[in-house]
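Heads up: the sequence shown is residues 1 to 299, going by the UniProt record's numbering.
Below: the structure, in structure tokens.
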Amino acid sequence: MTLSQLRYAITVADSRSMNQAAQKLFISQPSLSAAIRELEDEVGIEIFRRTNRGIQVTPDGEEFVGYARQVVEQYALIEARYVDKEKVKKKFGVSMQHYSFAVKAFVEMVRRFGMERYEFSIYETQTYDVIENVKNFRSELGILYLNDFNRKVLGKIFEENNLEFHELFDCQEYVYLWSGHPLAKKKEITLEDLEDYPFLSFDQGSNNSFYFAEEVFSTYEYKQSIKANDRATMLNLMKGLNGYTLCSGIICENLNGSEYCAVKLSTEETMTIGYLKRKGIPLSSIGKEYLKEISKYNN
Numbered sequence: 001m002t003l004s005q006l007r008y009a010i011t012v013a014d015s016r017s018m019n020q021a022a023q024k025l026f027i028s029q030p031s032l033s034a035a036i037r038e039l040e041d042e043v044g045i046e047i048f049r050r051t052n053r054g055i056q057v058t059p060d061g062e063e064f065v066g067y068a069r070q071v072v073e074q075y076a077l078i079e080a081r082y083v084d085k086e087k088v089k090k091k092f093g094v095s096m097q098h099y100s101f102a103v104k105a106f107v108e109m110v111r112r113f114g115m116e117r118y119e120f121s122i123y124e125t126q127t128y129d130v131i132e133n134v135k136n137f138r139s140e141l142g143i144l145y146l147n148d149f150n151r152k153v154l155g156k157i158f159e160e161n162n163l164e165f166h167e168l169f170d171c172q173e174y175v176y177l178w179s180g181h182p183l184a185k186k187k188e189i190t191l192e193d194l195e196d197y198p199f200l201s202f203d204q205g206s207n208n209s210f211y212f213a214e215e216v217f218s219t220y221e222y223k224q225s226i227k228a229n230d231r232a233t234m235l236n237l238m239k240g241l242n243g244y245t246l247c248s249g250i251i252c253e254n255l256n257g258s259e260y261c262a263v264k265l266s267t268e269e270t271m272t273i274g275y276l277k278r279k280g281i282p283l284s285s286i287g288k289e290y291l292k293e294i295s296k297y298n299n
């Protein structure tokens, strides 16, 4: 296996076409096809499936290409640092469900480390994409929750994708709403109290399984419900329509503003906030520091 073969595989995966990949690599299409076949024979898996519509990456191929990207990126860093004598920035990426506290932890970490030596990335996104980003090395860490409802299903998905979940802390369930909401002054709210108000949830796109929902009680029959795809829209709907969502109760006023509050939901259900990482790959020093920042929210 050569570095050139890894680059070839990455380019084919990105192009989804052998001809286009060959043009980008400035080699002939037969030469590229032969190199990919030799690579597949050596590693013992089918990386690409050839169809009339072009090239498809197999599930085994997705994992292989993820590792290949990491190897090629690390080689480029070594080459830039020791051959070209460049000052190379270290990289750190994290993906998360829509948690303001996880964003706040990221902000504090960046402030402490500064931008001169590091290249940071953060993705506040859908549950499926959190898993995919960690699986494909786009992010070192993924922040999400498990509970009794989704633990078995998501745990199986983690295992199948060579990922592992580590618990950070447990949270009770809260109702998140506008401070001017008729129920905002209550000490505790029941689901029955909420029936006349729209339930707000984050849209999970084409992977809209109950198990991927960011809110607990995803199978509950809400009389009114609205899906949104970003936190700012969610906050506007809370204020404009007296909508509400369900959350961990960890609130960051300096990000969401002081016009919103969390009230305890009347339930015995709990949720476990944790992080997702690749199996067998140790955390970077900056990854460990980010987790320290998040752990500060463990009340």
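For glycine and all other residues, C-beta sits at the position ideal for the given N, C-alpha and C.
Classify K288 as helix, strand or coil using the three-state DSSP reduction. helix
Can you tell me the Cα-Cα spacing of V43 and K292, whole angstroms? 38 Å
Could you have a look at I122 and say whether DSSP puts it in helix, strand or coil? strand
Indicate whether G249 and A262 have their beta-carbon atoms separated by less than 7 Å. yes
Buried or exposed: F199, going by 16 or more other Cβ atoms within 10 Å of its Cβ? buried
Counting beta carbon pairs with one atom in the stretch 3–19 and one in the stretch 62–80, are three or more of them shorter than 8 Å? yes
What is the DSSP secondary structure of D230, counted as helix, strand or coil? coil
Please classify I78 as buried or exposed, where buried requires at least 16 other C-beta atoms within 10 Å of its C-beta. exposed
Decide if V130 is buried, meaning its Cβ has at least 16 other Cβ atoms within 10 Å, or exposed. buried
Can you give the Cα-Cα distance for K156 and E164, rounded to whole angstroms? 10 Å
Suppose only complete runs of 3+ residues qualify. What are the beta strand (DSSP E) ranges in the stretch 129–216, listed by chain order? 141–146, 163–172, 174–178, 199–202
Looking only at C-alpha atoms, which of A105, G54, Y220 sits nearest to E124? A105
Tell me where the alpha helix (DSSP H) around I36 begins and ends. 29–43
Run through DSSP, which three-state label would R16 get? coil
Inspect the CB distances between the stretch 269–280 and the stretch 166–179 and report whether three or more fall short of 8 Å. yes
Would you call the CB atoms of Q97 and E214 closer than 7 Å? yes
Leaving out the 5 sequence neighbours to the left and right, which residues in its chain are closer than 6 Å to I251 when beta-carbon positions are compared? A262
Is DSSP giving S95 helix, strand or coil here? strand
Looking at the structure shown, is Y220 part of a helix, part of a strand, or coil, going by DSSP? coil
So, under 8 Å CB-CB, R16 and I55 are touching, yes? Tell me the CB distance rounded to an integer number of Å. 5 Å
Tell whether a beta-carbon distance below 7 Å holds between residue 303 and K91. A question about residue 303 goes unanswered here, because the residues of the chain that appear run from 1 up to 299.
Smallest Cα separation from E63: which of E167, N162, Y99? N162
Strictly by DSSP, which residues pair up with I55? R50
Between the alpha carbons of E140 and N254, how many angstroms are there, rounded? 26 Å
CB-CB under 6 Å to N229, same chain, minus the five flanking residues each way: which ones, in chain order? D203
Of the listed residues F137, L154, N236, G66, nearest to K277 (C-alpha basis): F137
Identify, in the order they occur along the chain, each residue of the same chain with its Cβ nearer than 7 Å to the Cβ of L241, setting aside the five sequence neighbours on each side. P198
Using the three-state DSSP reduction, which class does T127 fall into: helix, strand or coil? helix
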